[in-house]
Amino acid sequence: ANQKRAAVLCAHGHWANARFFGHPDAQMKIELENKGEVHRVGGQYFLQAIPVQLARMGCVAFFYDMLGYSDGGPLTHQLIHGFAKQRPDLSSKERWGLFSAQSELRCLSGMGLQTWNSVRALDWLSALDEVDPSRIGITGASGGGTQTFMLGCVDARPAAFFPAVMVSTAMQGGCTCENASLLRVNTGNIEMTALLAPRPVGMSAADDWTKELETKGLPQLKKHYELLGVPNNVEGKYFPYPHNYNHPSRVMMFEFFNKHLQLGQTSPIVDRDFVPLTREEATVWDAAHPKPEYSEEAELKILRAFAKDQDQQFANLKPKNERSLGEYRRVIGGAWDVIIGRKLPGKDDFAYDQTFKSNSEDLMKFHTVVKLTKEGEEVPTLFYLPKNWNKQVAIWISDDGKASLLKEDGSPIAAVQQLIDAGVSVALPDLLYQGEFNADGKPLEETRRVSGTREFVGYTAGYNHPLFSQRVHDILTLIAFSKYSKYEPAGIHLIGLGKTAGPLVAAAAVQAGSAVDKVAIGTGGFRFASITNARDPMLVPGAVRYGDIPGLLALLAPHKLLLTDEPAVGEAADLTIAAYEAAKASDKIAVMSTPAKQQASAVASWLLQG
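Sequential numbering from 1463 applies to the sequence shown in my numbering.
1. Is it the case that the region 2054 to 2069 contacts the region 1954 to 1972, given that we only count it when at least three CB pairs across the two stretches are under 8 Å?
2. What number of angstroms, rounded off, separates the C-alpha of Val1470 from the C-alpha of Trp1858?
3. Looking at His1476 and the ligand FMN, is the gap between the Cβ and the nearest heavy atom below 6 Å?
4. Helix or strand or just coil, what does DSSP make of Leu1613?
5. Leaving aside the five residues before and after His1709 along the sequence, list all residues of the same chain whose C-beta is less than 6 Å from its C-beta, in chain order.
6. Answer with buried or exposed for Arg1785, where buried requires no fewer than 16 other C-beta atoms within 10 angstroms of its C-beta.
7. With a threshold of 6 Å on Cβ separation, who are the neighbours of Leu1893 within its own chain once the five nearest residues in sequence on each side are excluded?
8. Pop quiz: Leu2025 and Val2053 are said to be a contact at Cβ under 8 Å. What is the actual Cβ separation, rounded to whole angstroms?
9. Can you list, in chain order, the residues of its chain with a C-beta nearer than 6 Å to that of Lys1819? Leave out the 5 residues immediately preceding and following it.
10. For Asp1811 and Leu1825, what's the separation of their Cα atoms in angstroms?
11. Going by the DSSP bridge assignment, what does Arg1467 pair with across the sheet?
12. Given 8 Å as the limit, is there contact between the region 1485 to 1493 and the region 1539 to 1548, that is, 3 or more CB pairs closer than that?
13. Buried or exposed for Pro1550, going by 16 or more other Cβ atoms inside 10 Å?
14. Please work out which residues of its chain come closer than 7 Å, Cβ to Cβ, to Arg1604, disregarding the five sequence neighbours upstream and downstream, and give them in chain order.
15. Starting from the N-terminal side, write out each stretch of the beta strand (DSSP E) that is 3 residues or longer and does not extend beyond the region 1927 to 2007.
16. Can you tell which of Glu1688, Met1665, Leu1762 has the C-alpha that lies nearest to the C-alpha of Ser1571?
17. List the endpoints of the continuous alpha helix (DSSP H) containing Lys1770.
18. Determine whether the beta carbon atoms of Ala1982 and Pro2020 lie at a separation below 7 Å.
19. Taking the alpha-carbon positions, what's the Ile2011 to Val1696 distance?
20. Specify whether the region 1716 to 1725 and the region 1516 to 1527 touch according to this definition: at least 3 beta carbon pairs, one from each stretch, less than 8 Å apart.
21. Taking the alpha carbon of Tyr2008 as the reference point, which residue from Asp1773, Lys1980, Asp1733 has its own alpha carbon closest?
22. Out of Val1732, Asp1617, Trp1671, Leu1657, which one is the CA nearest neighbour of Lys1633?
23. Name, in chain order, the residues that DSSP records as bridge partners for Leu1806.
24. Using 10 angstroms around the beta-carbon of Arg1989, count the other beta-carbons present and answer buried if the total reaches 16, otherwise exposed.
25. Quick check: the Cα distance between Val2073 and Phe1623, rounded to an integer number of angstroms?
26. So within the region 1666 to 1700, which uninterrupted beta strand (DSSP E) runs reach at least 3 residues, ignoring any that extend past its ends?
27. Looking only at its own chain, which residues have a Cβ that is under 6 Å from the Cβ of Met1715, when we skip the five neighbours before and after it?
28. Would you kindly check if the distance between the Cβ of Thr1843 and the Cβ of Ala1889 is under 7 Å?
29. Let me know the secondary structure DSSP gives Lys2050 once reduced to three states.
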């Protein structure tokens, strides 16, 4: 009686009423006829059948609610699982709710909150005196399957996992609760499931998006587990039934946990019927403990609490010395590394089309489309190569593309010409959706999004890099193209002046590392936190969470850096200077306050200094 027991978390998925769900009688008749179920009651209340049988096998089973289901509150089912339209009254800088631009900037999502609930459920379960914390599993079907492998991705404590009818190479989870910005860029649920290794994983598949699991995904997972020396720790099986967690799948799960949680039950496991709990018996609410009602203030209070915690975590990371700078780079730099999603391309990754070339006595001018072949990306660029070239290259980024750095007659503006006259080669690109990318010649006002009517950023930014990151990729392409060119430059420098260009250059310089020498940045006072439109071209999921512009600038230490448009004292300067001091590179940062019309010339002069 005093022996500690194994335990299993049960995540229900997207069945109506969840823990309270029961098949209608007509559906139950079909289930019995096609052998999807064998017990009249257990089949009808199949979600209850999971913890009932696990308990009979000696487990502690905890059946917890997803957000907005059953007893869940105060966030509603409609909000978490049915969000479709942006809410203008909950989209301001001061008053913002879930799925808004402001929540995206902080990586606060329905998916994140729901996964946090899973973590907290695990905290509670593992703390019970009767539970052996080394033998805890989790299972769930459909959206519950998503929660099953997601918990394993972020938490090392669960010992075994059984996600049913979810893991596949096809559809990755259609609900707003299963998606989040940055989550599946260049990856998917098979790779996320692989992150659970070497811990045991069992999967069931059905006549849905998982039907090809045995030939697509499972073989690769088996190879993965084989390489880790535990080939018997992964299994998957297709069952020819519609989307379900029916009797054959449940029996597979019972056998899986019997083996991997060392339950010691005789195999094969034989389950039996039971008396189901009524809704009144299963609910945690009663007259003395009424269910809290949804209110906007409750939603805002939850989000403010998380945002406040994020701000404090960031403040605690402010560099003070070499060690703390290293930790800052690990956490904040690591986050921006994920957000941007790319380092410098390799020297063999390029092709180019030279569409125009002109020679004069003292200057060569090229219009070149630089191609990053493996990604299918192109960067139209004007290159200026003076005959007295000093082996230095300046890549100058502007808010609206290269045309804004040219006069009406097509010649470079004075500051660019100043660099050329001094022997610097200058590259003026059009980044994605700048200049040549826009047939109508107008700057992009809103980002594209996937087809459909639901205005959830995660459906686009969960699978694709945000436009900001794609533009940073273009800059990285130009840096690498210059670095590996036949001309072999001795130094590559970046200039970005403007509310778009400055942040882009900051991010590109961070990712490029030592490939870049001098960096000149003017942000025009821009902050990601000012964004309220969920389709703003500068929307970067996570940008505010990881320090906004000040947090990004601090990662530039020890680059030679010129900051304009930032006061000599303030959040950006203070944090950036602190990082440079911690890097013992205080002499490499300059903060300049210059009138807008003189900025470009002042930056060119700074770049030409030794």
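From the three backbone atoms N, C-alpha and C, an ideal C-beta is built for every residue, glycine too.
If we stick to the structure as given:
1. yes
2. 57 Å
3. The ligand FMN is not part of the structure shown, which contains no ligands of any sort.
4. helix
5. Glu1499, Val1500
6. exposed
7. Arg1933, Asp1936
8. 5 Å
9. Phe1828
10. 28 Å
11. Val1593
12. no
13. exposed
14. The sequence as given places Ser at residue 1604; Arg does not occur at that position. Cβ neighbours of Ser1604 beyond the five flanking positions: Gly1475, His1476, Val1627, Met1628, His1705.
15. 1953 to 1959, 1980 to 1984
16. Leu1762
17. 1758 to 1778
18. no
19. 44 Å
20. yes
21. Asp1773
22. According to the sequence provided, residue 1633 is Met. The question's Lys does not apply to it. When only C-alpha atoms are compared, the closest one is Trp1671.
23. In the DSSP output, where bridge partners are listed per residue, Leu1806 has none listed.
24. buried
25. Since the first residue of the chain shown is 1463 and the last is 2072, residue 2073 is not available in this structure.
26. 1696 to 1700
27. Thr1601, Phe1624
28. yes
29. helix
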